[in-house]
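Engineer: Structure incoming, see below.
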Amino acid sequence: MNDKPVILDADNLIAGYLPGINILNGCSMEVKEGELIGIIGPNGAGKSTFLKALFGLVPVRDGAVTLGGEDITNLRADELVKRGVGFVPQTNNVFPSLTIEENLEMGAYQAHKNYKKQLARIGDLFPVLIQRKNQRAGSLSGGERQMVAMARALMMDPHVLLLDEPSAGLSPARQDETFVRTREINKTGVTVIMVEQNARRCLQICDRGYVLDQGTSAYTASGQDLLKDPKVIELYLGTLGA
Amino acid sequence: MLRAALVFVVAAVGITAILSMGGTAQAATETEAVTTAATSGGTNLLIQNLFNGIVFGLLLALASVGLSLIYGTTGLSNFAHGEMVTFGAMITYFLATPQAVSFPLLPFEFTVNWPFWLAAPAGIAIATALGWVQDKIIWSQLRRRRVAMIQQMIVSIGLSLALVNFIQWWMGGRPVRLVTSIDPRKQYGPISVGNVTLISMVIAIVALLAVAFFLQRTRLGRATRAVSDNPALASASGIKVDSIIRIVWMMAAGLAALGGILLALYQQGIGFDDGTKLLMMMFAAVTLGGLGHPYGALVGSLIIGVVAEVSTVWLPPDLKFATALGILIIVLLVRPQGILGKAERVG
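If you're matching them up, the sequences are chains B and U in order.
Here the first sequence is numbered in this note's numbering, starting from 33 and rising by one per residue.
Here the second sequence is numbered in this note's numbering, starting from 10 and rising by one per residue.
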C-alpha cells in the first residue's frame, strides 16, 4: 500500500465554525490511493469538524488541503463532488420527501448521462434499495437511511469517500453490516476516510488510523498497531470487550 | 382540553373578525358586486359562491406556490411577495394602457400601448427578471454572509414597504384596469361567469400543472425539492444550491406576476396595495397546506378561497377572510404540520 501515490493531503489545518474559535489547531493527514483510513478520538476532539473541513463545509483558516496535488482548500462542496469526492453526513443524510430512487438520482446530479449505468452498479451493491426504490426516504429507519446515504454518495463513482460516523445510532448487527460494506466499497478501489466513535471496530477494518486529540492529529499507525497500543487502549478503546 | 381548544378557536375567530372588518371592507365591497350579480342572475347562491371560491383559490394558489417554494428552499418568510403580485399587474398595465405613462422623477410622459396579449407575457418576463435581480443583489448576499432568518425576514418587511410605496408613487393611489372592455357574464347552469374569468381559470390551472410537472418530472424540479429538504446535503450531492434558489426566486416572481394579472382581470382592476392585502391570505394558504410544500400551497389556497366565498352565504361578507383564517386555526390544532405536511420519522 505504501508505494501508492498520495491522493489527499491535509496540511496543518486550522478551522472552526465561529469567528475566533478554532476547533482544529493544526490537523494533518496524508492518505494514499485505495487506503481505508479511520479517524478516532475522544468526544470533542474535532473528528467530524476535520472531515467537514476536508469537504469545504467548515471554513479552513490556515493550512491547505490538496487532492491529487491540486489545492482544494475551501472549495464548495459541489465542486468537490465534481472532482470525485463523496461525503456521507452522520445525520440528516437523506432527502426525506424524495423517494429512494430520487435520492440516488440526486447523487448523480452532475453526471446524469451515466445515471442508468450508475444505478445498475449501485443496485448490485444495495439490491434492497432498488426493490424499494419508490419508497419515500423519510419513512426509512436509521440503518436504511444510512444505506441510502452511502449509495447516494457512490452514485458519482467517487475516488475518495468521506464517512462521518456511519455506525452512529445503529444496532450492533447493523453496525457490523455497515463496516463490512465499507470495506467492500474500499476494495473496489475507493479511498475511504471514516470518522468513528466505535474505535475498536473501525481500527479492525481500516488500513491506518489517525488519533485526534484537542484538534490536532496526535499520531498515526496501522489499524492493527493502534489496537495494540497501550495508550490508545487506555484512552479510547477501554479494556472491556478487548 | 378539547373544550379549551374550541373556546380558544371561537375567541380567536371572533377577535380576528372584529379586527378584520375595517381592513377587508374594500375587498368585501368588490366581491359584493359579484355576489349580487350572481343572485340577480337567479343562480343558486351556494354553487355560485363555491365557483367564485375556486376561481379565487386558483389565483391565490398562483401567488402562494412561489411563496411556498421560497420558504421551502431558503427558510425565508418573504413579506415582499405580495408586492410581486401587484408589480406584475402594474407593469402589465404600464405596457398595455393607451393612456400616457411615466416613470417617477422623469419629466416627460409617453405611451406604450402594447396589445394585452403582448403586455401580459412581457410583464411576467419583467417580473421574473426582477426575481433574479432581487436574489442577486439582496438575498444571495445575505445568504453568503450567513445573515439569520429573522433578520432576513425583517429585510423582506422593509422591502415590502419600499415596494408598495414605490408602486403608489409610480402608479398613484387609485386602482387601475388592465383592460377597459366589459366581460359580459354568461349563464352555465347555476353558474354565471364571464369568458375572461374562464380563460383566467384555464391559464391558472395550466400554470399550476406546469409547476407540478416541473417539480415531479424534471431533474431540475427534483433538485429543487432536494434543496427544499436539505440544502447542505444537496450541496454535498453536487447540486449548485445557489443556482437552484435563483431559479426558485425567478419562478416565484413570475408566478406571482401571473397571479396578479389574472387577479386584476378577475376583480376588474388592481390597486397599489392589493398584493399587500393578499399576503395574509397567501401565508394562511401556505401554512394550511403544509409549510414549504408546494402542493400544500395549492390545496391551502383552494380551501381558503372556497371557505371565504361560501361563508358569505350565511355570514356577512365582511367576515369572509376571518372565517377562512378561523379554519386555518382549527386545521392546525388538529393537524399541526398542515394538510399535506408529513410528520417525519426520527432515527
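Glycine included, each C-beta is placed from N, C-alpha and C at the ideal position.
(1) Cα separation between U:GLY335 and U:LEU324?
(2) Between B:MET188 and B:ALA253, how many whole angstroms is the CB-CB distance? I'm expecting something under 8 Å.
(3) So what's B:CYS234 in DSSP terms, helix, strand or just coil?
(4) Using a Cβ-Cβ cutoff of 7 Å, what residues of the stretch 129-158 of chain B are near chain U? List them in chain order.
(5) Taking just the CA atoms, how far does B:ALA205 sit from U:ILE146?
(6) Could you name the residues of chain B that U:GLY347 contacts, counting a contact when the two beta carbons are closer than 7 Å?
(7) Give me the Cα-Cα distance between U:LEU69 and U:PHE88, rounded to the nearest whole angstrom.
(8) How would you call B:ASP257, buried or exposed, if buried means at least 16 neighbouring beta carbons within 10 angstroms?
(9) For U:GLY268, I'd like the list of residues in its chain whose CB is within less than 6 Å of its CB, leaving aside the five on either flank, ordered along the chain.
(10) With 7 Å as the threshold, decide whether the Cβ of U:LYS145 is near any Cβ in chain D.
(11) Check this for me: beta carbons of U:LEU224 and U:GLY298, under 7 Å apart or not?
(12) In chain order, what residues of the same chain have a beta carbon less than 7 Å from the beta carbon of B:THR248, not counting five sequence neighbours either side?
(13) With DSSP run on the structure shown, which of helix, strand or coil describes U:ASN204?
(14) Can you pull the chain U residues whose beta carbon is under 7 Å from the beta carbon of B:ASP110, in chain order?
(15) Answer yes or no: do B:MET98 and B:ASP41 have a C-beta to C-beta separation smaller than 7 Å?
(16) Alpha carbon to alpha carbon, what distance is there between B:VAL180 and B:GLU133?
(17) Could one say the Cβ of B:ASN124 lies closer than 7 Å to chain U's Cβ atoms, at least one of them?
(18) In this structure, what does DSSP give as the bridge partners for B:ARG168?
(19) How would you write the range of the beta strand (DSSP E) that B:ILE71 sits in, first residue to last?
(20) Looking only at its chain, what residues have a beta carbon closer than 6 Å to the beta carbon of U:ALA37, apart from the 5 residues adjacent to it on each side?
(21) Can you tell me whether U:ALA138 is buried or exposed? The criterion is at least 16 other CB atoms within 10 Å of its CB, across all chains shown.
(22) How would you call U:ALA34, buried or exposed, if buried means at least 16 neighbouring beta carbons within 10 angstroms?
(23) What is the DSSP secondary structure of B:GLY241, counted as helix, strand or coil?
(24) For a contact defined as C-beta to C-beta under 7 Å, what are the partners of U:ALA235 on chain B?
(25) Assuming U:PHE96 and U:ALA134 are in contact, meaning their beta carbons sit under 8 Å apart, how far apart are those beta carbons, in whole angstroms?
(26) Please determine, among B:ILE55, B:PRO159, B:GLY66 and B:ASP103, the residue with the shortest C-alpha to C-alpha distance to B:VAL90.
(27) Compare the Cα-Cα distances from U:LEU342 to each of U:SER320, U:THR296 and U:ILE253 and report the closest residue.
(28) Quick check: what's the CA-CA separation for B:GLN207 versus U:GLN161?
(29) Answer with buried or exposed for U:ALA333, where buried requires no fewer than 16 other C-beta atoms within 10 angstroms of its C-beta.
(30) Going by beta carbon distance, what residues of the same chain come within less than 6 Å of U:PRO240, once the five residues before and after it are set aside?
(31) For chain B, check one thing: does any of its Cβ atoms lie closer than 7 Å to the Cβ of U:ALA37?
(32) Between B:LEU269 and B:GLY255, is the Cβ-Cβ spacing less than 7 Å?
(33) Give me the chain B residues within the contact set of U:ARG228, using Cβ-Cβ distance strictly less than 8 Å, ordered along the chain.
(34) In chain U, which residues lie less than 8 Å from B:PHE211 when you measure between Cβ atoms?
(35) Contact defined as beta carbons within less than 8 Å: I believe U:GLY75 pairs with U:MET158. What is the distance between those atoms, to the nearest angstrom?
(36) Going by CA-CA distance only, name the one from B:MET226, B:GLU176 and B:GLU65 that's closest to B:ASP35.
Structural biologist: Let me lay it out:
(1) 13 Å
(2) About 31 Å; that fails the 8 Å criterion.
(3) helix
(4) SER129, LEU130, GLU134, GLU137, MET138, GLY139, TYR141, GLN142 and HIS144
(5) 52 Å
(6) Here the premise fails: no neighbours, minimum Cβ distance about 13 Å.
(7) 15 Å
(8) exposed
(9) LEU68, LEU71, ALA72 and VAL94
(10) Of the protein chains in the structure, B and U, none is chain D.
(11) no
(12) ASN57, GLY58 and CYS59
(13) helix
(14) SER244, GLY247, ILE248 and LYS249
(15) Note on residue identity: the sequence assigns Thr, not Met, to residue 98 of chain B. Yes, these two residues count as a Cβ contact at 7 Å.
(16) 9 Å
(17) yes
(18) B:THR131
(19) 68-72
(20) Its pLDDT being 40, under 50, U:ALA37 is placed unreliably in this model, and the value from its coordinates should be taken loosely. Taken in chain order, the residues that qualify are PRO326 and ASP327.
(21) exposed
(22) Unreliable positioning characterises U:ALA34 in this predicted model, as indicated by a pLDDT of 38, which lies under 50. The coordinate reading is nonetheless provided below. Looking at its Cβ environment, which holds fewer than 16 other Cβ atoms inside 10 Å, U:ALA34 is exposed.
(23) strand
(24) PHE127, LEU130 and MET138
(25) About 12 Å separates the two Cβ atoms, so there is no contact after all.
(26) B:ILE55
(27) U:THR296
(28) 42 Å
(29) buried
(30) VAL250
(31) Confidence at U:ALA37 is low in this model, with a pLDDT of 40, below 50, so the placement of that residue is unreliable and no value is reported for it.
(32) no
(33) GLU137, TYR141 and HIS144
(34) Per Cβ cutoff of 8 Å: no residues; B:PHE211 is ~20 Å from chain U at best.
(35) At roughly 18 Å, the Cβ-Cβ gap does not stay under 8 Å, so U:GLY75 and U:MET158 are not in contact.
(36) B:GLU65
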